[in-house]
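Asker: This is the structure I want to talk about, given as structure tokens.
Number of protein chains: 2
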Amino acid sequence: MATTSKQYKVIGEELWKGRAEKTNAELFALTYGALVVQLIQDYEDYEEVNKQLEKMGYNIGTRLIEDFLARSNIGRCVDFRETGEVVAKVGFKSFLNITPSVTHGGLPIAASPTRSSTASPAPTIPGATFTLTLDENPLAEFVELPEEALEGGLWFSNILCGVLRGALEMVRILTALCLSKFTYHSSDSNAGHGYVYLRCVARGRNDRDQSHPCQVSRGRSSRRR
Amino acid sequence: MATTSKQYKVIGEELWKGRAEKTNAELFALTYGALVVQLIQDYEDYEEVNKQLEKMGYNIGTRLIEDFLARSNIGRCVDFRETGEVVAKVGFKSFLNITPSVTHGGLPIAASPTRSSTASPAPTIPGATFTLTLDENPLAEFVELPEEALEGGLWFSNILCGVLRGALEMVRILTALCLSKFTYHSSDSNAGHGYVYLRCVARGRNDRDQSHPCQVSRGRSSRRR
């Protein structure tokens, strides 16, 4: 019987409570912040910083997956839907102690040029995408980003996309492409709180030559200091 | 009654087990490793990398101390000996989940030019220094440093010195100067295991203009992968 979403949640919680070494999250966030600041000083170009963060994340992901597989004892996922559940409930939980919500979706099949524009909605490949919503972001927890960086296009937490891409690429034939959306609830009572959305799209082998960067949106601090 | 070393150990353990958020240590170590690699690429000069790490650590230390004081409820230390105990048993424990051993020492008073060279050993200021010995180093736990970097003078974990200097500077009139020693037990059965020594020296106000960098020695991985 396939492992259910609830069972993955239990596995994630057990892994987090287990023997793996931990460090203080504030120290981690401040160290990550120092890394981002260094890249901004180096490249003076937010788009380049985003790329570098993704690249660093990729290298980290290819290392973390070994440890993850050894500790979690999780086998091959039957489909991309299951991958999404494992990433959210076991991966994020065991490394960052958060559990993003995960929504699964289809991927529209590119419309044929002969198709009539009045036809029924475009067909989709079911279960080809999942979107993770992080309503808390340990990377940005103790960080206050200057407006200039946010407006300039910095994706502060873009390293997460790289980690995910690197880790998934090590265990699946299909690689994953992550896209980003960003919502900033400026009118919320909890001003300054933003959500990070991370969208993963299953890709076939033939898509490997496409060089879509794996991106995540701007992470805003949810706890300003 | 003054708090004893054993009591500080208990406080440190309680803080670590407490409500403070945590993250996975491997993710932290790999992120720190990415930061060091970035600095090496930027500066191409290990001495400059050491300086930058110390500077980053200083900024982090000035932030972490706020959280530390709020969580630990520890008052002003009566002397530098007590400071050493708090740093080792409460500070390191609550942020990195390690407890370095701490040894206290004196600081030789500079010899007077009129003193005879045959006189008794130089007098010292008692309790003016403490040395922390880290026999495990979470920063370097999952990192394998190239020989070239080690031989070139990289102090991989130098950020720790900065953190300590920044944190102590925020709570004491006396600032701290950290010096480094390094021992590499190449003949140990546990080959590749190194110790990090971190030496703090109490400094008077008049010493503030001295620009001794706060340094820690090279951290070698104790768990090679």
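Chains as they are written, first to last, in the working numbering: chain A, 1 to 225; chain B, 1 to 225. Glycine included, every Cβ here is placed at the ideal spot set by N, Cα and C. The structure presented is a predicted model; accordingly, all values stated were derived computationally and were not measured.
List the residues of chain A that B:I60 touches, going by C-beta distances under 8 Å, in chain order.
Answerer: Correct list: L27, L30, T31, A34.
Asker: State the Cα-Cα distance for the pair A:L69 and A:K9, rounded to the nearest angstrom.
Answerer: The alpha-carbon atoms of A:L69 and A:K9 are separated by roughly 16 Å.
Asker: Which of the three DSSP states is assigned to A:N50 in this structure?
Answerer: DSSP places A:N50 in helix when its eight states are reduced to three.
Asker: Could you tell me whether any Cβ in chain B is nearer than 8 Å to the Cβ of A:S5?
Answerer: It does not: the Cβ of A:S5 has no partner Cβ on chain B nearer than 8 Å.
Asker: At which residue ranges does the region 14 to 68 of chain A contain complete beta strand (DSSP E) runs of 3 or more residues, listed in the order of the chain?
Answerer: Complete beta strand (DSSP E) runs here, min 3: 22 to 24.
Asker: Would the region 15 to 24 of chain B count as touching the region 124 to 144 of chain B if we require 3 or more Cβ pairs under 8 Å?
Answerer: They do not touch, by the three-pair rule.
Asker: Identify the contact partners of B:E21 in chain A, using a Cβ-Cβ distance below 8 Å as the criterion.
Answerer: In chain order: N24, A25, E26, N97, P138, E141.
Asker: Between the alpha carbons of A:E13 and A:N24, how many angstroms are there, rounded?
Answerer: About 18 Å.
Asker: Taking 8 Å as the CB-CB cut-off, is B:S157 touching chain A?
Answerer: B:S157 does not count as touching chain A.
Asker: Out of curiosity, what's the CA-to-CA distance linking B:S72 and A:S94?
Answerer: Rounded to whole angstroms, B:S72 to A:S94 spans 26 Å at the Cα level.
Asker: Taking B:T131 as part of the beta strand (DSSP E), name the residues at either end of that continuous run.
Answerer: Looking at the DSSP string, the run of the beta strand (DSSP E) that includes B:T131 is 124 to 134.
Asker: Counting only beta-carbon separations shorter than 8 Å, does B:S72 have a partner in chain A?
Answerer: For B:S72, the answer is no, since every Cβ of chain A falls outside 8 Å of its Cβ.
Asker: Can you give me the C-alpha to C-alpha distance between A:V201 and A:L107, rounded to a whole angstrom?
Answerer: Distance between the alpha carbons of A:V201 and A:L107 is about 8 Å.
Asker: In angstroms, rounded to a whole number, what distance separates the CA positions of B:K6 and B:V86?
Answerer: Cα to Cα, the separation comes out at about 11 Å.
Asker: Taking the alpha-carbon of A:R63 as reference, which of B:A34, B:A88, B:Y43, B:V78 has the nearest alpha-carbon?
Answerer: With distances taken between Cα atoms, A:R63 lies closest to B:A34.
Asker: Checking contacts by CB at 8 Å: is B:R63 closer than that to chain A?
Answerer: Yes, B:R63 lies at the interface with chain A (some Cβ there is under 8 Å from its Cβ).
Asker: So the candidates are A:E54, A:E48, A:L30, A:F80; which of them puts its Cα closest to the Cα of B:G61?
Answerer: Of the listed residues, the one whose Cα sits closest to B:G61 is A:L30.
Asker: In angstroms with no decimal places, state the Cα-to-Cα distance between B:V143 and A:K89.
Answerer: Distance between the alpha carbons of B:V143 and A:K89: 27 Å.
Asker: Taking all protein chains shown into account, decide if A:P138 is buried (16 or more other Cβ within 10 angstroms of its Cβ) or exposed.
Answerer: Buried is the call here.
Asker: If you draw a straight line from the alpha carbon of A:Y58 to that of A:Q52, how long is it in whole angstroms?
Answerer: Between A:Y58 and A:Q52, the C-alpha separation is close to 10 Å.
Asker: Leaving aside the five residues before and after B:Y195 along the sequence, list all residues of the same chain whose C-beta is less than 7 Å from its C-beta, in chain order.
Answerer: These residues qualify, in order along the chain: T133, L134, D135, T183.
Asker: If you follow the alpha helix (DSSP H) that B:V86 is part of, which residue opens it and which one closes it?
Answerer: It spans 80 to 86 - the alpha helix (DSSP H) in which B:V86 sits, taken as one unbroken run.
Asker: May I have the straight-line CA-CA distance separating A:T99 from A:A122, to the nearest angstrom?
Answerer: Distance between the alpha carbons of A:T99 and A:A122: 32 Å.
Asker: Suppose the cutoff is 7 Å on Cβ atoms and the five residues either side in sequence are ignored; what does the same chain contact list for A:F92 look like?
Answerer: Closer than 7 Å at Cβ, skipping near neighbours: I98, T99, P100.
Asker: Could you check the C-alpha separation between A:N50 and A:C161 for me, to the nearest Å?
Answerer: One C-alpha to the other measures close to 10 Å.
Asker: Mind checking if A:D135 is an interface residue toward chain B, Cβ cutoff 8 Å exclusive?
Answerer: So, not an interface residue.
Asker: Starting from B:V102, follow its DSSP beta bridges and name the residues at the other end.
Answerer: B:L132, per the DSSP bridge assignment.
Asker: Using alpha carbons as the reference points, say which of A:G75, A:Y197, A:F80, A:D67 lies closest to A:I125.
Answerer: Per the Cα distances, A:F80.
Asker: Any idea if A:G166 is buried or exposed, counting beta-carbon neighbours within 10 angstroms, 16 or more meaning buried?
Answerer: Burial call: buried.
Asker: In this structure, how does DSSP classify A:R71 when only helix, strand and coil are distinguished?
Answerer: A:R71 falls in the helix class under three-state DSSP.
Asker: Identify, in the order they occur along the chain, each residue of the same chain with its Cβ nearer than 6 Å to the Cβ of B:A191, setting aside the five sequence neighbours on each side.
Answerer: Interpretation of B:A191 is limited by its pLDDT of 31, a score under 50 that renders its predicted location unreliable; no figure is taken from the coordinates.
Asker: According to DSSP, simplified to helix, strand and coil, what is A:R76?
Answerer: Coil, per DSSP.
Asker: Using the Cα positions of B:E66 and B:N158, report the straight-line distance between them to the nearest angstrom.
Answerer: One C-alpha to the other measures close to 21 Å.
Asker: Among the candidates B:I40, B:L27, B:Y46, whose CA atom is the shortest distance from the CA of B:L154?
Answerer: Taking only the C-alpha atoms, the option nearest B:L154 is B:Y46.
Asker: Nearest to B:F28 by CA position, among B:A140, B:T103, B:I40, is which residue?
Answerer: The shortest Cα separation from B:F28 among B:A140, B:T103, B:I40 belongs to B:A140.
Asker: Expressed to the nearest angstrom, what Euclidean distance is found between the alpha-carbon atoms of B:Y197 and B:H104?
Answerer: Straight-line Cα distance between these residues: approximately 13 Å.
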